[in-house]
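Chemist: Below is one structure. I have some questions about it.
Structure, rendered in structure tokens:
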């Protein structure tokens with residue numbers, strides 16, 4: 021028999037939670053209610069490595085950072101967007117080498133991740 025210790029699980033609600041910050045001060049909880057509206061697609065996939073296109077479906081336009089990480093986790097490209105649009109093209113100064121990459125789009129409210137391949 022295995023016993024799992026899950027201190028953040030509430031058996032009454034069936035919800036896993038996390039502790040809220042403690043201490044003196046003001047705290048703000050941020051969330052987006054409509055998670056089904058969050059979509060990110062990368063194309064073409066596979067890519068030839070000189071550029072990729074992003075298609076986004078976000079409930080609001082926000083300043084966002086796009087990072088591309090190689091298989092070792094290091095950042096190989098990053099770009100800041102002011103009020104990122106539904107469609108954006110990333111053109112790389114030097115073509116990416118063949119391999120698997122992870123694209124992360126992040127801002128103050130969300131983190132979206134998508135894998136893509138360069139041939």
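In the working numbering, the protein residues as written are 21 to 139.
No residue lacks a Cβ here, since even glycine has one placed at the ideal position from N, Cα and C.
If you're wondering where the values come from, they're calculated on a predicted model, not measured in any experiment.
1) Do the CB positions of residue 134 and residue 123 come within less than 9 Å of each other?
2) Please go through the segment 54-102 and give each complete beta strand (DSSP E) segment of 3 or more residues, from N-terminal end onward.
3) Roughly how many whole angstroms lie between the Cα atoms of residue 162 and residue 68?
4) Using 8 Å for Cβ pairs, my map puts residue 138 next to residue 121. What's the rounded Cβ distance?
5) Does the separation of the CB atoms of residue 97 and residue 88 fall below 9 Å?
6) Would you call the CB atoms of residue 80 and residue 100 closer than 9 Å?
7) Is residue 109 near residue 73, with beta carbons less than 9 Å apart?
8) Does residue 108 come out as helix, strand or coil in the three-state DSSP assignment?
Modeler: In short:
1) If you number the chain shown from 1, residue 134 lands on position 114. If you number the chain shown from 1, residue 123 lands on position 103. Against a cut-off of 9 Å, the Cβ pair of residue 123 and residue 134 comes out as a contact.
2) 59-63, 71-77, 84-89 and 95-101
3) A query on residue 162 cannot be resolved here, the shown segment of the chain reaching from 21 to 139 and no further.
4) The count along the chain shown starts at 1 and reaches residue 138 at position 118. The count along the chain shown starts at 1 and reaches residue 121 at position 101. About 6 Å; that satisfies the 8 Å criterion.
5) Start at 1 with the first residue of the chain shown, and residue 97 comes out as number 77. Start at 1 with the first residue of the chain shown, and residue 88 comes out as number 68. For residue 97 and residue 88, yes; Cβs fall inside 9 Å.
6) Position 60 of the chain shown, counted from the first residue, corresponds to residue 80. Position 80 of the chain shown, counted from the first residue, corresponds to residue 100. Not a contact, by the Cβ cut-off of 9 Å.
7) Indexing the chain shown from 1 puts residue 109 at position 89. Indexing the chain shown from 1 puts residue 73 at position 53. Cβ atoms of residue 109 and residue 73: closer than 9 Å.
8) Residue 108 sits at position 88 when you count from the first residue of the chain shown. Three-state DSSP puts residue 108 in a strand.
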